[in-house]
Amino acid sequence: MAEPYDLHANKGPHVLRIIIAFPILAGICLALRLYTRFKLISNAALEDRFIVVALVRPSSVMEMKRPLIRSQIFSIATSICMGYQVKNGMGRHVQTLTQQDGINSLKFLYASILTYNISLLTIKLSILLQYLRICVNRRVRLACHLTMAFIIAYGIMTFFSGVFTCTPVSYFWDKSIQGGRCVNEPALWFANAGINIFQDVLLLTLPFFILKDLILGTRQKLCLSLVLSLGAFAAIASIIRLHALYNVSISDDITWDNPGTATWSSIEINVAIICTSISVLRPLVSHLFPGIFSSFQNTKSSGGMTSASKTKIKSDKVLTFTAKVEEESRGSGNFERVDDSEREVWGLREVREVERDRMSGGDLEV
1 MAEPYDLHAN KGPHVLRIII AFPILAGICL ALRLYTRFKL ISNAALEDRF IVVALVRPSS
61 VMEMKRPLIR SQIFSIATSI CMGYQVKNGM GRHVQTLTQQ DGINSLKFLY ASILTYNISL
121 LTIKLSILLQ YLRICVNRRV RLACHLTMAF IIAYGIMTFF SGVFTCTPVS YFWDKSIQGG
181 RCVNEPALWF ANAGINIFQD VLLLTLPFFI LKDLILGTRQ KLCLSLVLSL GAFAAIASII
241 RLHALYNVSI SDDITWDNPG TATWSSIEIN VAIICTSISV LRPLVSHLFP GIFSSFQNTK
301 SSGGMTSASK TKIKSDKVLT FTAKVEEESR GSGNFERVDD SEREVWGLRE VREVERDRMS
361 GGDLEV
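Numbering (the UniProt record's numbering) for the sequence shown: 1 to 366.
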């Protein structure tokens, strides 16, 4: 015998708390990121603009050069659509809703699917652009570009599969239309969710190949690995969301069971924005709390010797100078040239000198 339930129960307020709180947290982290990049280091990059879009509105082709900004824009749009779903019955039992409530809720579900997919696409593009800023290995850069091509191609496919899930489009929310039909929606949802998780794994794997070629101490590489691994939280949210999708796919009371999918979708995209923004906040923390990273010196000690390095950039070539000084006289040695060779440096504009830690990790300083 089925367990009795409260017909007038409502999950809507819980959904609203999630879809309001997480975009606000993501917006705060993004604002700190932009302050760091624009004000502290005066070096706003392409990925910053994309993350602001994954937060509100579609824009022109020229503006689409801006990923992280766009991520935040579409995240907010997704939350707005979910809010209207709650207004029209999401979180309540379908028996308590009018036919028009159901139609309106499905209209906003349709819109939220599209904004969610665009948000994921722009966030992932922002992450890959960030990787390319610090990557110096040709093969790893090629892997990043191939991953980017895969994500863009699949993002376009998921967008149009979302638009044309049903024929005519309006059949998605109005099943009274004669002759309408839809693809197998649960199969489409599971396929998209599974490939999305696979892409998350790719994005989590690439940084460890990038770090191998950076001129960093062991502790610095460890810290940078931890920062870049923050995206694992978004991947975990994707997996939990997949389970919530399964519950919806077998439900005969979709408005009651859909809040799990909605909340985890919001958590997934906003946690991704938060993690991507946190990864570049070291200059801000150093500015607010001078000396907090003093334990991570740009030196390496071995026995009684200490090595340090200084790098000069000419055009797109780098000349490396190394000095070894006795530990007791650290800092007093002169730099001498030990390698006449020039090696290609990717992603660097022509400057006279750069600090070693900036050269090694871009804006992801540790």
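Even glycine gets a Cβ: it sits at the ideal position worked out from N, Cα and C.
Anticipated Cβ contact below 8 Å, residue i with residue j, distance rounded
| i | j | result |
| --- | --- | --- |
| ALA26 | ASN196 | Not really, about 18 Å apart at Cβ, beyond 8 Å. |
| LEU230 | ILE278 | 6 Å |
| PHE86 | VAL15 | Rather than Phe, the amino acid found at residue 86 in this sequence is Val. Contact flag correct, Cβ pair sits at about 5 Å. |
| SER112 | MET90 | With a Cβ gap of about 10 Å, SER112 and MET90 do not count as contacting. |
| GLN137 | ASP252 | In the sequence on display, residue 137 carries Asn and not Gln. Incorrect: roughly 53 Å between the Cβ atoms, too far for contact. |
| VAL227 | ARG37 | The Cβ separation is near 16 Å, so there is no contact. |
| SER225 | PHE208 | 7 Å |
| ILE123 | SER170 | Actually they are not in contact, since the Cβ atoms of ILE123 and SER170 sit about 30 Å apart, beyond 8 Å. |
In DSSP terms, what residue i is bridged to
| i | result |
| --- | --- |
| THR167 | ARG181 |
Three-way DSSP call (helix, strand, coil) for residue i in this model
| i | result |
| --- | --- |
| PRO290 | coil |
| LYS11 | coil |
| ASP174 | coil |
| THR98 | coil |
| residue 368 | Beyond the ends of the chain as shown, which are 1 and 366, falls residue 368; an answer cannot be given. |
| LYS124 | helix |
| LYS212 | coil |
| VAL136 | coil |
| ASN258 | coil |
| GLY217 | coil |
| ILE156 | helix |
| SER79 | helix |
| SER265 | helix |
| VAL285 | helix |
| ASP200 | helix |
| VAL280 | coil |
| SER251 | coil |
| GLY333 | Interpretation of GLY333 is limited by its pLDDT of 44, a score under 50 that renders its predicted location unreliable; no figure is taken from the coordinates. |
| THR299 | Confidence is the limiting factor: at THR299 the pLDDT is only 42, short of 50, which leaves the residue's position unreliable, though a coordinate-based value still follows. Three-state result, THR299: coil. |
Residue of the options minimising C-alpha distance to residue i
| i | options | result |
| --- | --- | --- |
| ASN192 | LEU142, LEU121 and LEU204 | LEU121 |
| ALA232 | THR261, ASP253 and GLN199 | GLN199 |
| TRP256 | ASN88, ARG92 and GLY12 | ARG92 |
| THR167 | PHE159, ILE19, GLY179 and ASN117 | GLY179 |
| ALA21 | ALA9, LEU7, ARG37 and ILE80 | ILE80 |
| GLN100 | ASP174, ILE127 and TYR154 | ASP174 |
| ASN10 | VAL280, LEU40, PRO23 and LEU97 | LEU97 |
| LEU125 | TRP264, ALA149, LEU7 and PHE208 | ALA149 |
| TYR110 | ILE151, GLY162, PHE74 and GLY83 | GLY162 |
| ILE194 | SER238, PHE208, ALA153 and GLY217 | Note that residue 194 is Gly in the sequence shown, not Ile. The option with the nearest alpha carbon to GLY194 is SER238. |
| ARG17 | LEU281, THR263 and THR36 | THR263 |
| VAL201 | LEU188, ALA235, SER170 and THR218 | ALA235 |
| ILE73 | LEU30, ILE103 and GLN95 | LEU30 |
| VAL285 | ILE151, TYR35 and ILE103 | TYR35 |
| LEU204 | ILE250, THR276 and TYR154 | THR276 |
| SER266 | LEU211, LEU142 and PRO23 | PRO23 |
| SER176 | GLY12, LEU211 and GLY102 | GLY102 |
| GLU268 | PHE160, LEU242 and ARG181 | LEU242 |
| TRP189 | ILE151, GLY217, ARG181 and THR158 | THR158 |
Residues near residue i by beta carbon distance below 7 Å, same chain, minus five either side
| i | result |
| --- | --- |
| VAL183 | THR165 |
| residue 367 | The question about residue 367 has no answer here: the residues shown for the chain are numbered 1 through 366. |
| HIS287 | LEU40 |
| TYR154 | ILE195 |
| LEU142 | none |
| GLU185 | THR165 |
| LEU211 | LYS221, LEU224 and SER225 |
| HIS8 | THR96 |
| SER302 | Because SER302 carries a pLDDT of 41, less than 50, the predicted location of this residue cannot be relied on, and no value is offered for it. |
Contacting residues, own chain, Cβ-Cβ under 8 Å from residue i (five flanking each side not counted)
| i | result |
| --- | --- |
| CYS144 | LEU128, TYR131, LEU132, CYS135 and LEU206 |
| ILE254 | VAL94 and VAL248 |
| ALA187 | none |
| ILE152 | LEU121 and LEU125 |
Neighbourhood of residue i by C-beta, 6 Å cutoff - its chain only, sequence neighbours within 5 removed
| i | result |
| --- | --- |
| PHE108 | CYS81, TYR84 and GLN85 |
| ILE240 | TRP264 |
| ILE118 | PHE74 |
| GLY12 | VAL86 and GLY91 |
Short CB-CB distance (under 8 Å) between residue i and chain C
| i | result |
| --- | --- |
| PRO290 | Annotation note: the requested chain C is absent from the structure, which comprises a single protein chain. |
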